[in-house]
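Residue numbers (the numbering used here), protein chains in the order written: chain X, 1 to 248; chain Y, 249 to 496. Glycine included, each C-beta is placed from N, C-alpha and C at the ideal position.
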DNA sequence: GGTTCAGTGTCAACATCGTAGGTCTACACT
DNA sequence: AGTGTAGACCTACGATGTTGACACTGAACC
C-alpha cells in the first residue's frame, strides 16, 4: 500500500525522532515543537518519544547535537588558520541552513555543564584542541583560541540572523526595514544608515572578522601564521559585495 | 496596616510589572516566568498584565529593554577605544548580574526586525554610531564596528556563562566539572585541560579579546588608535589572573 | 445631577502543553 | 509452554497563554 509522505516505517529510532524534530523546527520554529506535534509527525502516540529521550529538554539537546555533528574539524590540517576559516564558513552555512536552531545552539549549553553535554557537541571542541596543539599551541592557549573563536562565531551568526526585514518585497530600504516607524529625531544616524543596513553581506562580514581575529590570535600567541596573508587590505567605505550563499 | 513584602501599592505600572518579571527571572530563570506567577508576585489577577503589555512576548521584550537600558554609551568620549572598552565591561557586568536574562538578550532580537525593537534597545546602537562617526568613521564603517563589537560581546558573554560547574564545592577540578563522566579515550585533550578549564577568568578573557578586536579594527579602518597602546604583550601560557568581579 | 466614557481589575472558559501511571501486544529466550 | 522485555498506546493531571464578557472607578460633558 502507498505510504503517506512521512511514512510510519517500522520501528521508531532516536535518529528518526530527531530528524522529525529538526524538520518541525526548521519549518515552524523551536516554539512550535511540542511532543504531541512531534508524535503526530511520526504518526505515533506522543508517549513513544519518552522511550527514546527522557524528556523534551533532552530532545532539544539531541537536535542541537545532530546539527552540530554536521560540523567537522580536520585536526590533521597543517595550516591551522585555513582550517579555522573553513570551520567558520561551515558553521555559518549550518546556521543559515537551520536558522531556527540557532537559538537552541547558543542557549542550550547554558543549561548543561560542559562535560555532561552530548558527545557530538564536544567533538568539534576536542578536534579543535587537537588541531591547535599540533600547530604548536600550549593546552591553555588552545582552549583560549577555542573560546575566542566560537564566541566570535556565535556572535556573528546571531548578528546575521537578526538582519531580518519587515517587508522583503518592498524596494525602498526604509520601508523594507520598517524604519519609517522609529522616531526620526532620536535616531538620526540609524535612519541615515538604512541603505547600508539593507545591503548587509554576511559572508563578507564573516571574512573580515576572521581576518581581524586570526591575525590577532597569531600575534598574541606568537604562532606561525601559516599560509598566505589573509589580505587585510582591499576594502573601503561601502565595501564590495562578495558572492553570497543565500538570497535575502 | 502593615503590607506584605511585595506590597500592592496602588496602581500597577508597566515599570512595576517589568521589575517584578525581572526579579522572577533572576531568581528562577526565564522558563519559570508565567503570567500567573507574575500576577501572584504583584498580588493581582494575572489578567491585569494584559493591560500593560499585549502578551507574554512583549513582556519579555520589555525585560530585555529594561536591562539594556542600564547600558550607557557616552558618544562624547574623545577616546573611542577607551569608550568601547568601558561599554564592554559594563555589558559583561550586566550579564553577570542577570545571567538568566542573557538567553533573552541574545534570542529575543531574532524575533523582531531591528527597527521595531523597543527604543531602549536601539539607544546603545545609535550612541555607538555617534561615538564612532565623531571619531572619524564613515557611516557604514561605524555600522560594521557596531556589529563586530556586539557580536564579540554576545559571544563572550555566552561563553562565560557556559562555564558552569556541576559540583562547585568539590576541590578536584575533574569532579567539579563533571569530567569524570566523559569517555576518556575519545576526549583526551579536553580531559587533560580540566585544570585550565577550572580557573577560567572571564574578565581577563574579555580584555584579551578586546585587545585583539580593537587593534584589528583600528588597523582595518585606518583610524587613529587614541590612548595608550592596549598592551598586547604580557601574557604567557597559564595567563596571570586579573582581579575578577564575581566569585564563582 | 445625571450620563457617558475610557481605563482598570476580575472571573470563567478554552485549547494546548509536558509528562506520570498503567495496560496491551509481540517477540526472544529458556 | 512459560516468562521476560521492549515498544507502543491511552487516560489523566496540573499548568500554561490568551479570549471574551462583566463590574467598578473616576473624569468629562451636557
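Point to revise | Three-way DSSP call (helix, strand, coil) for residue 204(Y) in this model | key: Because chain Y is modelled from 249 through 496, residue 204(Y) falls outside the range shown and cannot be assessed.
Check your understanding: What are the start and end residues of the alpha helix (DSSP H) that includes residue 162(X)?
Key -> The residue you call residue 162(X) lines up with position 162 of the first chain. 139-162 is the extent of the alpha helix (DSSP H) around residue 162(X).
Check your understanding: Using the beta-carbon count (16 or more within 10 Å), is residue 318(Y) buried or exposed?
Key -> Taking the second chain and counting its residues from 1, one reaches residue 318(Y) at position 70. Flag for residue 318(Y) reads exposed.
Review point. Which chain Y residues are close to residue 156(X), counting only those with a beta carbon under 7 Å from its beta carbon?
Key: Here residue 156(X) refers to the residue found at position 156 when the first chain is read from its first residue. Those within 7 Å of residue 156(X) in chain Y are 399.
Review point. For residue 269(Y), is the classification buried or exposed, using 16 other Cβ atoms within 10 angstroms of its Cβ as the cut-off for buried?
Key: Position 21 of the second chain holds residue 269(Y). With 16 or more Cβ atoms within 10 Å of its Cβ, residue 269(Y) is classed as buried.
Check your understanding: With a CB to CB cut of under 8 Å and the five nearest residues on each side skipped, what residues in its chain are close to residue 339(Y)?
Key -> In the second chain, the residue the question calls residue 339(Y) occupies position 91. Correct list, in chain order: 319, 401 and 405.
**Study point:** Separation of residue 12(X) from residue 220(X), as counted between CA atoms
**Key:** Reading the first chain from its first residue, position 220 is the one you call residue 220(X). Reading the first chain from its first residue, position 12 is the one you call residue 12(X). Approximately 51 Å between the Cα atoms of the pair.
Point to revise | Rounded distance between the beta-carbons of residue 360(Y) and residue 309(Y), thought under 8 Å | key: Stepping through the second chain from its first residue, residue 309(Y) is reached at position 61. Stepping through the second chain from its first residue, residue 360(Y) is reached at position 112. Right, the Cβ-Cβ distance comes to about 7 Å (below 8 Å), so this counts as a contact.
Check your understanding: Exposed or buried, which one is residue 124(X) when buried takes at least 16 other CB atoms within 10 Å?
Key -> By one-based count along the first chain, residue 124(X) stands at place 124. Label assigned to residue 124(X): buried.
Exercise for review: Using only alpha-carbon positions, find the residue among 408(Y), 374(Y) and 463(Y) that is nearest to residue 448(Y).
Suggested key: Numbered from 1 along the second chain, position 200 holds the residue referred to as residue 448(Y). Considering only alpha carbons, the answer is 408(Y).
Check your understanding: Where residue 179(X) and residue 378(Y) are concerned, what is the direct C-alpha to C-alpha distance, given to the nearest angstrom?
Key -> Position 179 of the first chain, counted from the start, is the residue given in the question as residue 179(X). Position 130 of the second chain, counted from the start, is the residue given in the question as residue 378(Y). Distance between the alpha carbons of residue 179(X) and residue 378(Y) is about 18 Å.
Exercise for review: Please decide whether residue 212(X) counts as near chain Y, where near means a Cβ-Cβ distance under 8 Å.
Suggested key: For this step, residue 212(X) is matched to residue 212 along the first chain. Yes, residue 212(X) lies at the interface with chain Y (some Cβ there is under 8 Å from its Cβ).
Practice item. Give the straight-line distance between the Cα atoms of residue 150(X) and residue 38(X), rounded to the nearest whole angstrom. Key: Sequence index remark: in the first chain, residue 150(X) carries index 150 (1-based). Sequence index remark: in the first chain, residue 38(X) carries index 38 (1-based). Roughly 31 Å between the two C-alpha positions.
**Study point:** residue 304(Y), DSSP secondary structure in three states
**Key:** Your numbering for residue 304(Y) matches position 56 in the second chain. Looking at residue 304(Y) - three-state DSSP - the assignment turns out to be helix.
Practice item. Please report the residue range of the alpha helix (DSSP H) in which residue 501(Y) lies. Key: This structure cannot speak to residue 501(Y), because chain Y is shown only from 249 to 496.
Practice item. Whole angstroms is fine: what's the gap from residue 345(Y)'s alpha carbon to residue 74(X)'s? Key: Indexing the second chain from 1 puts residue 345(Y) at position 97. Indexing the first chain from 1 puts residue 74(X) at position 74. The straight-line gap from Cα to Cα measures roughly 38 Å.
Check your understanding: Can you name the start and end residues of the alpha helix (DSSP H) that residue 208(X) belongs to?
Key -> Mapped onto the first chain, residue 208(X) falls at position 208. Start and end: 202-221.
Practice item. Measure the beta-carbon distance from residue 115(X) to residue 432(Y) and round it to whole angstroms, keeping in mind my assumption that it falls under 8 Å. Key: The sequence position of residue 115(X) within the first chain is 115, counting from 1. The sequence position of residue 432(Y) within the second chain is 184, counting from 1. No, residue 115(X) and residue 432(Y) are not in contact; Cβ-Cβ is about 12 Å, not under 8 Å.
Exercise for review: Starting from the beta carbon of residue 126(X), find every residue of chain Y whose beta carbon is closer than 9 Å, and list them in chain order.
Suggested key: Start at 1 with the first residue of the first chain, and residue 126(X) comes out as number 126. Result: 434, 435, 436, 437 and 438.
Exercise for review: Examine chain X for any beta-carbon lying closer than 8 Å to the beta-carbon of residue 312(Y), and answer yes or no.
Suggested key: Taking the first residue of the second chain as position 1, residue 312(Y) is located at position 64. Answer no: the Cβ-Cβ gap between residue 312(Y) and chain X never drops below 8 Å.
Point to revise | DSSP-derived helix/strand/coil call for residue 384(Y) | key: By one-based count along the second chain, residue 384(Y) stands at place 136. Annotated three-state conformation of residue 384(Y) is coil, per DSSP.
**Study point:** Buried versus exposed call for residue 276(Y) [16 or more other C-beta atoms within 10 Å across all chains shown]
**Key:** Counted from its first residue, the second chain places residue 276(Y) at position 28. Under this definition residue 276(Y) is an exposed residue.
Check your understanding: Taking just the CA atoms, how far does residue 263(Y) sit from residue 288(Y)?
Key -> Along the second chain, one-based indexing puts residue 288(Y) at 40. Along the second chain, one-based indexing puts residue 263(Y) at 15. Rounded to the nearest angstrom, the two C-alpha atoms are 16 Å apart.
**Study point:** Buried or exposed by the 16-neighbour rule on C-beta atoms within 10 Å, applied to residue 284(Y)
**Key:** Position 36 of the second chain, counted from the start, is the residue given in the question as residue 284(Y). Exposed, by the Cβ-count rule.
Point to revise | N-terminal and C-terminal residue of the alpha helix (DSSP H) that residue 15(X) is part of | key: Against the first chain, residue 15(X) aligns to sequence position 15. 14-28 is the span of the alpha helix (DSSP H), which, as asked, contains residue 15(X).
Review point. Below 8 Å between beta carbons: does that hold for residue 348(Y) and residue 274(Y)?
Key: One-based indexing of the second chain puts residue 348(Y) at position 100. One-based indexing of the second chain puts residue 274(Y) at position 26. In contact: residue 348(Y) and residue 274(Y) (Cβ atoms closer than 8 Å).
Review point. Under 8 Å between C-beta atoms, does residue 444(Y) make it to chain X?
Key: If you number the second chain from 1, residue 444(Y) lands on position 196. Chain X, which has a Cβ nearer than 8 Å to the Cβ of residue 444(Y), makes this yes.
Point to revise | Under 8 Å between C-beta atoms of residue 103(X) and residue 19(X) | key: Looking up residue 103(X) in the first chain gives position 103. Looking up residue 19(X) in the first chain gives position 19. Their beta carbons are not under 8 Å apart, which means residue 103(X) does not touch residue 19(X) by this criterion.
Exercise for review: Tell whether a beta-carbon distance below 8 Å holds between residue 440(Y) and residue 209(X).
Suggested key: Translated into the one-based positions of the second chain, residue 440(Y) becomes position 192. Translated into the one-based positions of the first chain, residue 209(X) becomes position 209. Result no, Cβ atoms of residue 440(Y) and residue 209(X) do not sit closer than 8 Å.
Practice item. Measure the Cβ-Cβ separation of residue 272(Y) and residue 213(X) and say whether it is below 8 Å. Key: Counting from one through the second chain, the residue named residue 272(Y) turns up at place 24. Counting from one through the first chain, the residue named residue 213(X) turns up at place 213. In this structure, residue 213(X) does not lie closer than 8 Å to residue 272(Y) by Cβ.
Practice item. Please state whether DSSP places residue 360(Y) in a helix, a strand or coil. Key: Stepping through the second chain from its first residue, residue 360(Y) is reached at position 112. The answer is coil: DSSP assigns residue 360(Y) none of H, G, I, E or B.
Check your understanding: Grouping DSSP H, G and I as helix and E and B as strand, with all else coil, what is residue 346(Y)?
Key -> Start at 1 with the first residue of the second chain, and residue 346(Y) comes out as number 98. Three-state result, residue 346(Y): coil.
Review point. With 8 Å set as the bound, which would you pick, yes or no: does the beta-carbon of residue 308(Y) sit closer than that to a beta-carbon of chain X?
Key: Here residue 308(Y) refers to the residue found at position 60 when the second chain is read from its first residue. Closer than 8 Å: no.
Check your understanding: Can you tell me whether residue 196(X) is buried or exposed, with buried defined as 16 or more other CB within 10 angstroms of its CB?
Key -> Taking the first chain and counting its residues from 1, one reaches residue 196(X) at position 196. When all chains shown are included, residue 196(X) counts as buried.
Exercise for review: Could you run through the region 136-148 of chain X and flag, in chain order, every residue whose CB is less than 9 Å away from some CB of chain Y?
Suggested key: 138, 139, 140, 141, 142, 143, 144, 147 and 148
Exercise for review: Tell me where the alpha helix (DSSP H) around residue 180(X) begins and ends.
Suggested key: Within the first chain, numbered from 1, the residue matching residue 180(X) stands at position 180. Bounds of any alpha helix (DSSP H) do not take in residue 180(X), whose DSSP letter is neither H nor E.
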